[in-house]
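Protein chains: 2
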Amino acid sequence: MKAIYMFGAGDVRLVDAPDPILKDRTDAVVRIVRACVCGSDLHPYHGMPSTPGGVSMGHEFIGVVEEIGSDVRTLVPGDLVISPFAFSDGTCEFCREGLYTSCIHGGFWDMPGMGGAQAEGIRVPFADGTLVKVPGIDETSPLLTSLLTLSDVYGTGWHAATRAGVTAGDTVAVIGDGAVGLMAVLSARQLGAERIILMGRHRARTDLGRKFGATDVVAERGDEGIEKVRELTGGHGVRKVLEAVGHLPAYEQAYRIVRPGGVISRVGVPQYEDAPIGFGSLFGGNITLTGGPAPVRAYIEQLMPAILDGTVNPGKVFDRTVTLDAVPEAYRAMDDREALKVMIAL
Amino acid sequence: MKAIYMFGAGDVRLVDAPDPILKDRTDAVVRIVRACVCGSDLHPYHGMPSTPGGVSMGHEFIGVVEEIGSDVRTLVPGDLVISPFAFSDGTCEFCREGLYTSCIHGGFWDMPGMGGAQAEGIRVPFADGTLVKVPGIDETSPLLTSLLTLSDVYGTGWHAATRAGVTAGDTVAVIGDGAVGLMAVLSARQLGAERIILMGRHRARTDLGRKFGATDVVAERGDEGIEKVRELTGGHGVRKVLEAVGHLPAYEQAYRIVRPGGVISRVGVPQYEDAPIGFGSLFGGNITLTGGPAPVRAYIEQLMPAILDGTVNPGKVFDRTVTLDAVPEAYRAMDDREALKVMIAL
């Protein structure tokens with residue numbers, strides 16, 4: 001089959017890869033219908049060392065089940081399914097409490113022995129635990145665009161907002177106008193936040209953010225941006241800050257705009273390990289830091305109905321659709337901020 | 001009056017200081033009856049640069065109101081009062097929501113213009129907001145020993161446990177067998193924790209910890225201690241970790257024993273600013289980091305009844321009582337771990 005591999009920073013290619021086959025009795029093989037390029041794919045696009053064998057890319061997809069292992073109970077060939085960006089057995093103590101990204105037997109699509117989703121097909125381990133069947137529509141539905149956000153960005157934005165404890169009437173700041181930041185805006189709005197300050201400097205993106213529910217946009221960065229947020233919030237900062245970038249300056253911005261007693265909820269994958277958490281940053285103001293890889297498997301069934309009935313349209317984050325052969329160019333366009341998020345239609 | 005000043009690392013002296021007088025109309029002047037030396041006083045005792053003018057020490061006290069400013073409404077001379085380790089106006093938006101340590105007009109006793117509590121008397125700003133009257137007993141009561149813990153260590157341990165969300169049936173680890181750690185054990189027990197693992201290596205202290213409710217003691221440190229905690233908790237770590245030390249190794253221990261999805265609640269004043277919070281420490285496991293300076297003012301009225309009726313006896317953390325002139329020696333004894341916590345009786 002055809003698949004997208006990365007061989008080093010900036011080096012993305014369409015290659016011939018082995019067809020996916022069943023390995024374990026709990027596997028399914030899925031023909032991919034929609035996939036996409038993630039903001040987090042840009043991290044290796046910037047920094048990956050040269051890797052002659054290449055790495056299979058992509059972790060978000062919708063597909064049709066083609067084959068199932070003998071122990072798969074809830075799916076049959078022909079089912080239209082959404083996959084989370086992490087696979088999980090669905091039965092361990094972490095899965096049972098909804099923390100699917102800490103599944104004892106789970107993992108990520110870029111692990112050795114796995115294949116990525118920017119491909120024609122994929123082997124899915126623990127198919128019953130991992131995949132969610134989409135009822136009532138087929139692979140020709142225009143709803144696929146919005147449903148695809150349930151693979152990662154919508155559930156990740158939702159995780160940011162729920163982990164922060166956003167509730168009705170809240171004031172929330174969202175740092176980052178990428179797809180996850182915009183989904184955090186939508187999620188905060190759905191949870192009843194009254195004031196949503198979106199910090200981002202790409203006009204087309206922040207305009208879309210306003211459509212998703214942002215009430216204020218702060219384009220300024222650094223001291224100026226922080227000053228602006230404080231002005232908007234009576235001087236003491238924001239109770240709930242959703243950090244959807246992952247770079248250190250975004251975290252630093254977060255603790256400088258959060259109100260004493262408030263919460264910073266991170267969902268941007270941190271591109272740093274050490275950062276300030278002492279008296280002057282988190283401790284002195286009793287700031288809570290939370291977040292992590294979103295267990296989106298827990299949210300797919302919860303968020304799907306509002307997509308199926310047209311209440312929300314998170315698919316608007318996709319501003320370009322390509323076929324598999326144009327994915328290398330899609331990476332470049334996203335990296336140059338020409339495209340917000342690129343969908344791959346197969 | 002006589003007061004204790006620190007002039008540099010290891011240099012604590014009894015000196016003659018000006019008598020406290022009313023400055024603002026919301027002040028009270030309090031004659032101090034009980035004070036104590038705090039584990040956090042040992043931080044400057046180790047590292048304070050030579051300061052010829054000296055710094056007035058102490059932030060925990062019970063006293064008798066001697067004089068009140070014209071705007072003080074809730075207190076009269078003769079009242080027996082407990083003071084939190086921070087003063088606060090009691091009326092600002094942070095005080096109204098219980099976050100007294102972030103009071104807009106509040107502060108700490110070691111700030112310029114203030115005086116410490118290891119002294120015969122003290123000026124208390126915002127007396128109505130800061131002080132809590134103790135009903136029904138006088139300054140000769142033996143209950144004063146336990147009531148003094150409400151100034152800091154008991155409320156701080158309580159803050160650790162409540163911020164962590166400790167509830168009935170929980171498994172909790174407490175890092176640190178100092179007075180705050182032991183009060184965190186007592187608090188976790190009061191909140192219904194079923195299993196309380198106390199990490200500390202001073203036998204007399206951990207024995208006291210068992211009396212306060214610890215069910216397990218782990219004396220080992222580093223990898224060995226972490227391994228032991230994991231063994232005790234089925235391999236995945238502890239849901240609620242209360243960090244009552246403030247040094248970086250204690251924080252590192254915390255994120256290495258916390259279960260994915262769990263909480264680290266810090267109340268030991270961090271002696272570091274940067275620390276690991278990336279994928280490998282907090283983010284990957286969706287760990288929440290919370291805590292800060294305890295708004296003990298919020299807890300005094302809540303925790304006092306169980307002391308007054310004898311249900312709890314947190315005063316057991318005091319294992320030595322001295323007069324003011326012996327306080328320099330008390331610092332040394334606490335620093336050498338000869339004394340757990342020293343009370344000053346005036």
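In order, the protein sequence lines correspond to chains A and B. Numbering of the first sequence is given in the UniProt record's numbering, commencing with residue 1 and proceeding in unit increments. Numbering of the second sequence is given in the UniProt record's numbering, commencing with residue 1 and proceeding in unit increments. Using N, Cα and C, we set each Cβ at its ideal position, and we do this for glycine too.
Close Cβ partners of residue i (< 6 Å) along its chain, the five nearest in sequence each way excluded
i: A/Leu-99; result: Pro-295
i: A/Glu-194; result: Gly-169
i: A/Pro-293; result: Thr-101
i: A/Val-153; result: Ala-179, Val-180 and Met-183
i: B/Gly-54; result: Tyr-5 and Phe-7
i: B/Gly-155; result: Ala-294, Val-296 and Tyr-299
Chain-order list of residues whose beta-carbon lies under 7 Å from that of residue i (same chain, five-residue window excluded)
i: A/Gly-246; result: Gly-268, Val-269, Pro-270 and Gln-271
i: B/Leu-186; result: Gly-157, Phe-212, Gly-213, Val-312 and Pro-314
i: A/Ser-88; result: Cys-95, Tyr-100, Cys-103, Gly-106, Phe-126, Gly-129, Thr-130 and Arg-297
i: A/Glu-139; result: Val-33, Val-64 and Leu-80
Beta-carbon proximity of residue i to residue j, cut-off 7 Å
i: A/Val-241; j: A/Ala-254; result: yes
i: A/Arg-25; j: A/Asp-71; result: yes
i: B/Ser-77; j: B/Val-65; result: Here residue 77 of chain B is Pro; the residue named in the question, Ser, does not match the sequence. Yes, the Cβ-Cβ distance between B/Pro-77 and B/Val-65 is below 7 Å.
i: A/Phe-318; j: A/Thr-145; result: yes
i: A/Leu-198; j: A/Ala-219; result: no
i: A/Gly-209; j: A/Val-180; result: no
i: B/Gln-39; j: B/Gly-178; result: Note on residue identity: the sequence assigns Gly, not Gln, to residue 39 of chain B. The answer is yes: Cβ separation under 7 Å.
i: A/Ala-86; j: A/Phe-108; result: yes
i: A/Val-132; j: A/Val-342; result: no
i: B/Leu-119; j: B/Ala-184; result: According to the sequence shown, residue 119 of chain B is Ala rather than Leu. No; because the gap between Cβ atoms is not below 7 Å, this pair is not in contact.
i: B/Gly-225; j: B/Val-258; result: no
i: A/Arg-163; j: A/Thr-290; result: yes
i: B/Ala-117; j: B/His-59; result: yes
i: B/Arg-297; j: B/Gly-262; result: no
i: A/Ala-188; j: A/Ser-265; result: no
i: B/Gly-234; j: B/Pro-260; result: no
i: B/Ser-56; j: B/Gly-115; result: yes
i: A/Gly-69; j: A/Leu-22; result: yes
Cβ-based burial, residue i [other Cβ within 10 Å; buried from 16]
i: A/Lys-228; result: buried
i: B/Met-334; result: buried
i: residue 354 of chain B; result: Look at the range of chain B in this structure, 1 to 346, and you will see that residue 354 of chain B is not part of it.
i: A/Asp-79; result: buried
i: B/Val-312; result: buried
i: B/Val-15; result: exposed
i: A/Met-6; result: buried
i: B/Ile-175; result: buried
i: B/Gly-113; result: exposed
i: A/Asp-223; result: exposed
i: B/Thr-130; result: buried
i: B/Thr-74; result: exposed
i: B/Ala-204; result: exposed
i: B/Gly-106; result: buried
i: A/Asp-41; result: buried
i: B/Thr-149; result: buried
i: A/Arg-96; result: exposed
i: B/Pro-135; result: exposed
i: residue 369 of chain B; result: In this structure chain B extends from 1 to 346, so residue 369 of chain B is not present and cannot be described.
i: A/Thr-167; result: exposed
i: A/Gly-90; result: buried
i: B/Arg-34; result: buried
i: B/Gly-192; result: exposed
i: A/Thr-206; result: buried
i: A/Ile-137; result: exposed
Closer than 6 Å: residue i CB and nearest the ligand NAD heavy atom
i: B/Val-153; result: This structure lacks the ligand NAD, and indeed carries no ligand of any kind.
Contact set for residue i: own chain, Cβ-Cβ below 8 Å, skip 5 residues either direction
i: A/Thr-323; result: Ile-344, Ala-345 and Leu-346
i: B/Thr-51; result: Met-6, Phe-7 and Gly-8
i: residue 347 of chain A; result: Residue coverage of chain A in this structure runs from 1 to 346, which leaves residue 347 of chain A outside it and unanswerable.
Touching by the beta-carbon criterion (3+ pairs, under 8 Å), the stretch 307 to 325 of chain A and the stretch 274 to 290 of chain A: no
At 4 residues or longer, and completely inside the UniProt domain "Alcohol dehydrogenase-like N-terminal" (26 to 135) of chain A: list those alpha helix (DSSP H) runs for me, N to C. 42 to 47, 93 to 96 and 127 to 130
Kindly provide the ranges of any alpha helix (DSSP H) runs that are 4 or more residues long and lie completely inside the stretch 201 to 236 of chain B, ordered along the chain. 203 to 212 and 222 to 232
Between the stretch 2 to 12 of chain B and the stretch 34 to 47 of chain A, do three or more beta carbon pairs fall short of 8 Å? no
Check whether the stretch 28 to 38 of chain B touches the stretch 119 to 139 of chain B, taking contact to mean three or more Cβ pairs, one atom from each stretch, closer than 8 Å. yes
Enumerated in chain order, which unbroken segments of the beta strand (DSSP E) with a length of 3 residues or greater are wholly contained in the stretch 247 to 316 of chain A? 258 to 266, 274 to 276 and 288 to 291
Sequence ranges, beta strand (DSSP E) only - wholly within the stretch 150 to 204 of chain A, length at least 3: 171 to 175 and 195 to 199
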